[in-house]
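Q: Just so we're on the same page, the working numbering is the position in the sequence shown counted from 1, plus 667.
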Amino acid sequence: VRTAGMSGDPDRIGLVAGYGTFPLELARAFKQAHIAVHAVAVHEETSPQIEALADSVCWLHVGQIGGMIRAFKQAGVSQVVMAGKVRKLHLFRNFRPDLTAITALLKLKDRRDDTIMLAIVDLLAKQGITVIPQTRHAQSMLAGTGHLYGPKPDAAMLADAEFGFAQAKGIAAMDIGQTVAVRDQAVLAVEAIEGTDAAIRRGGELGGGKVTIVKVAKPDQDQRFDVPAIGPDTLEVMAASNCHCLAVESGQTLLLERQRLAELADRHGIAVIAMRDPGAA
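1) Which partner residues does Arg679 have in the DSSP bridge list?
2) Cα separation between Val849 and Leu766?
3) Out of Asp678, Pro677, Glu712, state which residue places its alpha-carbon closest to the alpha-carbon of Pro690.
4) Which term fits Phe759, buried or exposed, when burial requires 16 or more other beta carbons within 10 angstroms of its beta carbon?
5) Using the Cα positions of Arg679 and Arg869, report the straight-line distance between them to the nearest angstrom.
6) Is the CB-CB distance between Gly811 and Ser917 below 8 Å?
7) Looking at C-alpha atoms only, which residue of Leu931, Lys882, Leu913, Lys793 is the closest neighbour of Ala839?
8) To the nearest angstrom, report how far apart Pro895 and Glu924 are at their CA atoms.
9) Between the region 938-945 and the region 799-816, do at least 3 Cβ pairs fall closer than 8 Å?
10) Give the DSSP-derived three-state secondary structure of His814 in the structure shown.
11) Going straight from the alpha carbon of Asp781 to that of Asp842, what length do you get?
12) In whole angstroms, what separates the C-alpha of Ala694 from that of Ile736?
13) Apart from the five residues on each side of it in sequence, which residues of its chain come closer than 6 Å, Cβ to Cβ, to Ala929?
14) Does DSSP classify Leu773 as helix, strand or coil?
15) Work out the CA separation of Val709 and His757 for me, nearest whole Å.
16) Under the three-state reduction of DSSP, which class applies to Gln926: helix, strand or coil?
17) Shortest alpha-carbon distance to Pro945 belongs to which of Lys836, Val704, Ala823?
18) Spatial neighbours of Pro899 within its chain, please: C-beta separation below 7 Å, excluding the five flanking residues on both sides.
19) Between Ile799 and Arg891, which are expected to be in contact by the criterion C-beta below 8 Å, what is the C-beta distance as a whole number of angstroms?
20) Just verifying my parser: in three-state terms, what is the DSSP assignment at Lys882?
21) Short of 7 Å in beta carbon distance, which residues of its chain neighbour Ser745, apart from the five on each side in sequence? Order them along the chain.
22) Please say whether Asp722 and Val747 have beta carbons closer to each other than 8 Å?
23) Classify Glu692: buried if its beta carbon has 16 or more other beta carbons within 10 angstroms, exposed otherwise.
See the structure below:
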């Protein structure tokens, strides 16, 4: 068993690995820090590549919360990080709740993302397991401020980005979604349960090109879960949908596979920028 480092990091950590590349990048970061990774992976969501990166992997279906708790306790972890979304559509399609999940769901006031995630955090806490911020070991992945990749944005893009930022913050505050598609300072599409990619496709189809996508964090974002992220897939969907600018919130958005992001932004002529929240302290 490895001993904790001078930074106070544990020698082992639990990873709830959801969709996308973020769980994989985070697992690599833990390994580089000599922290053993014990992952709970989700069928139909988690990349099989997690098997090569984690010290142990327990595969479960969406809703098997009791199984997740047992896996982490068996691995002897006291800290857990959640990385990558579990798409909410699975609550309606492939949801297989165990008794722990059913008991918790019956007590929920609604099915909003934050309500569900906070209930899971509380269940883990009752078992002596603390959920830590997603960004604690991923500071280098957070977006800076200004022009990031691709061509520089023109005045129209910047105007749409500024307009869309305020609109996206509004829907994020209501826990509806965190992304909007904008053209000529009009909202074409709003992300809801279908997810970011579907919202991008809808916005691109309605806008017929010259569409700006804006993705933000929720006000008072709980960095233990649902931190916004973009990766190569985001730019591929934008290119296929004829969207030409992507604006994200600086300091609050994870940039995954940065080299590929830069390559794709150049190849497809997509301007990627990061904006500060004007309402933030």
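Positions of the beta carbon are idealized from the N, C-alpha and C atoms, including for glycine.
A: In this structure, then:
1) Residue pairing by DSSP places Arg679 opposite Ala703 in a beta bridge.
2) So the two alpha carbons sit approximately 43 Å from each other.
3) Glu712
4) Reliability fails at Phe759, whose pLDDT of 46 lies under 50, so the model's placement of it is uncertain and no value is given.
5) Between the alpha carbons of Arg679 and Arg869 lies a distance of about 42 Å.
6) yes
7) Lys882
8) 14 Å
9) yes
10) strand
11) Those two C-alpha atoms are separated by around 7 Å.
12) C-alpha of Ala694 to C-alpha of Ile736: approximately 19 Å in a straight line.
13) Excluding residues within five positions, the ones whose Cβ falls inside 6 Å are Tyr816.
14) helix
15) Note that His757 scores 46 on pLDDT, short of 50, meaning its location in the model is unreliable; the coordinates nonetheless yield the value given after this. Each residue's Cα considered, the two are about 11 Å apart.
16) helix
17) Lys836
18) Glu924, Arg927, Leu928, Leu931
19) 7 Å
20) strand
21) Pro677, Gly795, Ile796, Thr797
22) No, Cβ-Cβ distance for Val747 and Asp722 is not below 8 Å.
23) buried
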